[in-house]
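In this text, residue positions in the sequence shown follow the working numbering: the first is 95, and each later residue adds one. C-beta atoms are modelled at their ideal positions from N, C-alpha and C, and glycine is treated no differently. A short worksheet on the structure shown next.
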Amino acid sequence: MSTQSTSTPYFGPANRNDYDQGSWAMVPAGPSESQVPSAPAPSLRKRTTGAPAFLVQGISTVGNHGLGGLLTVLHQIPLARNVLLETGAPAASYGFNSEWWKGQEILPTHALARLQAGDLQWGYQDESKPDVEEEIHRLMAFLDLTERSYGSVSVLTDLIPYPSLGPEKQFYEYLGPRNEEKLKPLIHSAALAAVFGDDLGDEEAKFGLLEMEHSRSDYTYIKTVYESLDHTMWSDVLSWNELHEGSKMAMFTEMGEVLAIKINGDGPQDSIDIPEKLYLEKYQTSRKDEARRIQMSWCDTKNAIMKIAREEQQLFEWRNDWDHQMMDKKQMIEKARNQWQVYSDYLLGLGKFRGMVASGFDTDSYPDYRMAPCEMSESETSAFERVDEVLQMLLRMLTDIDKRLSYTLQKVEIERVLRDIWQETKTPLMVYATETALNTARAPLTAALQRFATAENKAFRQELHHEATEAAEAEADEGKKTPGSGPIEPISPSKRKHRADSIDSMDSNRASIGSDDAQNGFDNPFEDGQTSTATMTALGTPVTTAAIETDPDLDTDTTEVRVVAAASAREGALSGR
């Protein structure tokens, strides 16, 4: 996403020790970190009744990622939402910033006080960054109660350590050790053990996001998410296509209630089947014997496929006796056919031309050749529709990504979600949840979070009011214009000087500092006097898709966000970045 130049000054209150009270009382304080060019008008960003809000990537220094989509889906799972709200400690106040929704941080109260006192300079407040858990609380409250259609996850992305390694993975890596007990429903354990024998191994790893990465050649054998899991959990065996005494396999030893799965790397060239419900019993320690037999069958099957491929190569390749160069028979035949096709087209065109000459170029039937009816056979119609689909997909890919339009929210069927996801990305993010996770009651927000959400909504209503006022004024000014009216008299220098010297001028031109929006021209959103301050699945049960958020980046020209209502049993969700 492109950002505006940081050279544009951002103004804050003047320092009395350095400036005379009679002088202009504003000094450059620092760049606005949340400048988002060409954001849609507030009326286009209003949340539709009954539609869920969602989180987009926003300004990112780590490239495209799906953290916003992941958090949006986790929020739709009651147990996951409750767990995220319980991380860390609840804050007495979550602050306020009218620009927070699109990526400007909310600094703690003590950091704001130091900035306003001059003890801390803008750009050097790293030691006073917002708390990660508090930012997560804000995002969950935002998704609960916001009147906006979307918000940004860019602040949280910057707070997570080493986000360049993958914000989705680092999100779990950072929260896990700090909230081990609270995050148990979202965390899973796997052990690496020998394939032969009953030993469960002593190498254990805990994770919240299961990442699966395969080479393009592996996708010759991988056509479903299950097969991708096989090649991840049993990679030691399936990468060599053989079992031996030293072969090892991974098994789930502990399972949470929510499982997040991410396909990394280049992904499949076309697509793989994503199940609506996921069953993972064969990867449990209690099913080790069955897993061993499945791996042996995998090896036999892959070895048989490779043998057939070698025989097929001998059948379809031709060796040149002159230089012994190997050539593909099919390609040679196609090349010859193309040459004959050119000749055939020439003869056909020549015959049609002669026919036109013989008819005297009769144009009575079709004065304009383009008016001739288009008649296609069933096969031709099918081919035309396929070409049109490809053209539409290419059109989306070629769209200027710097243009910014409002999002389209559309409820669709699960079958369409599982089909269309591969047109948006080759590395989707899937979230599966158990019935327990889906049926858990939603915990109420704390009073501080409710105040934060109320203040945020009030700021948005003021944006809507400001937009409506500007539109009304523009309409009124347009109505006052007459054809014979002269130009508007400019303000004289004396009038400008009088306005600049007035006390009202200082108040009206005063700018806020940092994330303290108490002086930004809006009413104080904290009406009660509050001070402002700066994925995995439980095994053994099925799951279905709850939501999909595709390409959650504000930089796209048109982005579709499709949501599918959660069904019973274990639910799944997809997010493509």
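message = My assumption, with CB atoms under 8 Å, is that A285 sits in contact with T347. Please give the rounded CB distance.
response = 5 Å
message = Runs of 4 residues minimum, wholly inside the stretch 369-446: which ones carry the alpha helix (DSSP H) assignment?
response = Listed in chain order, the complete alpha helix (DSSP H) runs (minimum 4 residues) inside the stretch 369-446 are 382-410.
key: Straight-line Cα distance separating R139 from G573   = 29 Å
query = Since N44 is in the beta strand (DSSP E), which residue starts that stretch and which ends it?
reply = Because residue 44 is not part of the residues shown, which for the chain are 95 to 671, the question remains open.
task = Express the C-alpha separation of Q264 and I171 in angstroms, rounding to a whole number.
result = Between I171 and Q264, the C-alpha separation is close to 21 Å.
ask   = Who are the Cβ neighbours of M421 in its own chain at under 6 Å, not counting the five residues just before and after it?
value = W412
First and last residue of the uninterrupted alpha helix (DSSP H) at G573 = 541-574
ask   = How would you label T251, buried or exposed, when you count the other beta carbons within 10 angstroms and need 16 or more for buried?
value = Classified as buried, T251 has 16 or more neighbouring CB atoms from the shown chains inside 10 Å of its CB.
request  = Note the first and the last residue of the continuous alpha helix (DSSP H) segment covering T530.
outcome  = Its alpha helix (DSSP H) spans residues 529-533.
ask   = Mind checking P255: buried by the 16 CB within 10 Å criterion, or exposed?
value = exposed
task = Using 10 angstroms around the beta-carbon of A547, count the other beta-carbons present and answer buried if the total reaches 16, otherwise exposed.
result = buried
message = Less than 8 Å between C-beta atoms, sequence neighbours within five positions excluded: which residues of the same chain meet that for N176?
response = T534, R536, A537
query = If you check the beta carbons only, do S137 and E561 fall under 8 Å apart?
reply = Contact: yes.
request  = Assign V319 to buried or exposed, taking buried as 16 or more other Cβ atoms, counted over all protein chains shown, within 10 Å of its Cβ.
outcome  = buried
key: Buried/exposed call for A235, threshold 16 Cβ in 10 Å   = Label assigned to A235: buried.
inquiry  = Could you tell me the alpha carbon to alpha carbon distance between H282 and R272, rounded to whole angstroms?
reply    = The C-alpha of R272 is placed about 16 Å away from the C-alpha of H282.
message = For S365, which residues in the same chain have their Cβ closer than 6 Å to its Cβ, ignoring the five residues on either side in sequence?
response = W516
ask   = In chain order, what residues of the same chain have a beta carbon less than 7 Å from the beta carbon of L178, not counting five sequence neighbours either side?
value = Beyond the five residues adjoining it in sequence on each side, L178 comes within less than 7 Å, by CB distance, of L168, I230, M234 in the same chain, given in chain order.
task = Note the first and the last residue of the continuous beta strand (DSSP E) segment covering Y244.
result = Y244 -> beta strand (DSSP E) spans 244-246.
ask   = Run through DSSP, which three-state label would L673 get?
value = Since the first and last residues shown for the chain are 95 and 671, residue 673 lies out of range.
query = Since G260 and T521 are thought to touch, with beta carbons under 8 Å apart, how far apart are those beta carbons, to the nearest angstrom?
reply = A Cβ-Cβ separation of about 11 Å leaves G260 out of contact with T521 under the 8 Å criterion.
task = Just mark K527 as buried or exposed, buried being the case when its beta carbon has 16 or more other beta carbons within 10 Å.
result = Looking at the sequence provided, one finds Ala at residue 527 rather than Lys. Under this definition A527 is a buried residue.
query = By the 10 Å Cβ neighbour count, where 16 or more other Cβ atoms means buried, how is E375 classified, buried or exposed?
reply = Under this definition E375 is an exposed residue.
query = So who's on the other strand from F346, going by DSSP bridges?
reply = A284, Q378
message = Quick test of your reading: E428 and C393, contact by CB under 8 Å. State the CB separation rounded to the nearest angstrom.
response = Not a contact, Cβ separation roughly 36 Å.
query = Which residues in the same chain have their Cβ closer than 6 Å to the Cβ of P257, if we skip the five residues on either side of it in sequence?
reply = V156, T251, Q264
query = For W195, which of E550, R141, E567 has the nearest alpha-carbon?
reply = E550
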